[in-house]
Amino acid sequence: MRRFLGICTVSALVLAGFFPLLGMEEGGRYPSAREGQRLWGVCYGPFRSGQDPSAGIFPTKEELREDIVFLRGLTGTLRLYSMDTGFHILEFCEEVGLECYPGAWLSGDREANEKEIQSLIEATKRGFQCIRGLVVGNEVLLRGDLSREELLDHIRHVREATNLPVSTAEPWSIWLLYPEVAEAVDFLLVHIHPYWDGVPVEEAARYVLERWQKVRERYPMKEVIVGETGWPTLGEVNGAAVPGERQQEQFLAQFLELSRCSGVAYFIFEAFDEEWKRKFEGEVGAHWGLYYSCGALKPLLWELVPPEARSGLKREQPERE
3 MRRFLGICTV SALVLAGFFP LLGMEEGGRY PSAREGQRLW GVCYGPFRSG QDPSAGIFPT
63 KEELREDIVF LRGLTGTLRL YSMDTGFHIL EFCEEVGLEC YPGAWLSGDR EANEKEIQSL
123 IEATKRGFQC IRGLVVGNEV LLRGDLSREE LLDHIRHVRE ATNLPVSTAE PWSIWLLYPE
183 VAEAVDFLLV HIHPYWDGVP VEEAARYVLE RWQKVRERYP MKEVIVGETG WPTLGEVNGA
243 AVPGERQQEQ FLAQFLELSR CSGVAYFIFE AFDEEWKRKF EGEVGAHWGL YYSCGALKPL
303 LWELVPPEAR SGLKREQPER E
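Our numbering runs 2 ahead of the 1-based position in the sequence shown.
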């Protein structure tokens, strides 16, 4: 697994007052990522407009391949949430040279959980060289879908059945509350969302790095990766956090520059808007993407992505019988 520079660099930046320097440049622009530099990692949900896993409407194999080939120009690493389309995605990641952190989606459905876990284990037996780590569950403790012991049982099962690093994904505050879970994993995948914590966008990048550092200080022997961070472009105001495309640009510009300087590993949430989430998470849940569901780049992000990722792609959904 990759290692990265971290806590000492970030501590020095905090103490030196680096964060306030990440303001707007002359001409009304925020600092952008280096020209041509891909993002460290991006969260990928494959569902296009009209598709919905809860309704059993999934992308085709060709649609998945189109996405993965395109995303190769945006990032070097993808994070996946479920094995329902996982084998095809891993196949295409292997083909184009993308690294991947596949995940097993866990819920209160024990039968579905077992299927996800077995599929995740099976993926490791197929010899995919693109897999860098395995993610057992996503925010299951936050939602209360499983108990701590149930989650630990799944983590232990996957660790015993594979020879790859294993983790689960939870918000930073949950990791601090469950040291037993932190002890059981090989690395920590930590969600830090300033929007959900009601933080104004002006303070958001600093907030992410401070929370990352807090978790890192609590568990100094573990690698800590920011498993999700981002900013929604539409939806409800949450405290001092206001959704919007301008706010997304500001947060990402500042966070990407800060992460580049500090060496923090991260996954931006997320690649594409996912319209199906609206019925579960409201308007805000459907609008976290760097790209619209149709595949077009959100225009204010033009200078924040590599040139080869700026044109977007045409994510047409064919008519289905």
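No residue lacks a Cβ here, since even glycine has one placed at the ideal position from N, Cα and C.
Given the structure is predicted, the values throughout are model-derived calculations rather than measurements.
Which value, in whole angstroms, describes the spacing of the CA atoms of residue i and residue j?
{"i": "L15", "j": "I194", "result": "Confidence at L15 is low in this model, with a pLDDT of 48, below 50, so its placement is unreliable and no value can be given for it."}
{"i": "Y294", "j": "L303", "result": "12 Å"}
{"i": "T235", "j": "Q252", "result": "11 Å"}
{"i": "I123", "j": "A163", "result": "7 Å"}
{"i": "G265", "j": "D86", "result": "32 Å"}
{"i": "A311", "j": "A255", "result": "16 Å"}
{"i": "G291", "j": "T77", "result": "14 Å"}
{"i": "A242", "j": "A206", "result": "11 Å"}
{"i": "R67", "j": "I91", "result": "7 Å"}
{"i": "L41", "j": "E225", "result": "19 Å"}
{"i": "A273", "j": "R262", "result": "19 Å"}
{"i": "A114", "j": "G146", "result": "16 Å"}
{"i": "E65", "j": "Q53", "result": "12 Å"}
{"i": "S149", "j": "V142", "result": "8 Å"}
{"i": "V307", "j": "Q39", "result": "7 Å"}
{"i": "T79", "j": "F130", "result": "14 Å"}
{"i": "E259", "j": "R208", "result": "11 Å"}
{"i": "G75", "j": "C132", "result": "16 Å"}
{"i": "E116", "j": "E172", "result": "20 Å"}
{"i": "G246", "j": "R128", "result": "42 Å"}
{"i": "R218", "j": "V192", "result": "10 Å"}
{"i": "S56", "j": "G88", "result": "16 Å"}
{"i": "G237", "j": "K281", "result": "13 Å"}
{"i": "S109", "j": "T170", "result": "13 Å"}
{"i": "R81", "j": "G99", "result": "14 Å"}
{"i": "I227", "j": "P181", "result": "16 Å"}
{"i": "E305", "j": "D275", "result": "19 Å"}
{"i": "P309", "j": "K300", "result": "14 Å"}
{"i": "Y221", "j": "S313", "result": "41 Å"}
{"i": "M223", "j": "L190", "result": "11 Å"}
{"i": "E93", "j": "I70", "result": "10 Å"}
{"i": "D111", "j": "R158", "result": "19 Å"}
{"i": "V244", "j": "A267", "result": "26 Å"}
{"i": "E97", "j": "G43", "result": "18 Å"}
Spatial neighbours of residue i within its chain, please: C-beta separation below 7 Å, excluding the five flanking residues on both sides.
{"i": "Q249", "result": "V203 and W233"}
{"i": "N240", "result": "Y197, W198 and G200"}
{"i": "Y83", "result": "G47, G105, W107 and N140"}
{"i": "L315", "result": "E68, F72 and G297"}
{"i": "F271", "result": "C45, E230, T231, G232 and W290"}
{"i": "G25", "result": "With a pLDDT of 48 at G25, under the threshold of 50, the modelled position of this residue cannot be trusted, and the question is left open."}
{"i": "V1", "result": "No information on residue 1 is available, as it lies outside the stretch 3 to 323 that the chain covers here."}
Based on the DSSP output, what are the partners of residue i in its beta bridges?
{"i": "S268", "result": "Per the sequence shown, residue 268 should be read as Tyr rather than Ser. Its beta-bridge partners are V228."}
{"i": "L191", "result": "A171 and I227"}
{"i": "T77", "result": "L41"}
{"i": "D54", "result": "I59"}
{"i": "A106", "result": "V138"}
{"i": "F274", "result": "Y293"}
{"i": "L299", "result": "Y293"}
{"i": "I133", "result": "C102"}
{"i": "N240", "result": "A243"}
Who are the near neighbours of residue i in its chain, counting only those whose CB is closer than 8 Å to its CB and skipping five residues on each side?
{"i": "V160", "result": "A106, I119, L122, I123, L136, V138 and V168"}
{"i": "N165", "result": "T126"}
{"i": "K216", "result": "W174 and L178"}
Just confirm the distance between the C-beta atoms of residue i and residue j, as a whole number of angstroms; I'd bet it's less than 8 Å.
{"i": "C102", "j": "R134", "result": "7 Å"}
{"i": "G229", "j": "F257", "result": "In fact, because the Cβ distance is near 14 Å, the residues do not count as touching under 8 Å."}
Spell out whether any CB of chain D is found under 9 Å from the CB atom of residue i.
{"i": "L82", "result": "In the displayed structure, chain D is absent; only one protein chain is listed."}
Who are the near neighbours of residue i in its chain, counting only those whose CB is closer than 6 Å to its CB and skipping five residues on each side?
{"i": "R317", "result": "R50, C296 and G297"}
{"i": "I176", "result": "L143 and L144"}
{"i": "W278", "result": "F49 and D54"}
{"i": "R213", "result": "W174 and I194"}
The region 282–291 touching the region 57–70, judged by at least three CB pairs closer than 8 Å
Counting C-beta pairs with one atom in each stretch, the region 282–291 and the region 57–70 have fewer than three that are closer than 8 Å, which means they do not touch.
Meets three-Cβ-pair contact criterion under 8 Å: the region 184–193 and the region 149–167
Three or more beta-carbon pairs separated by less than 8 Å link the region 184–193 to the region 149–167, which places the two stretches in contact.
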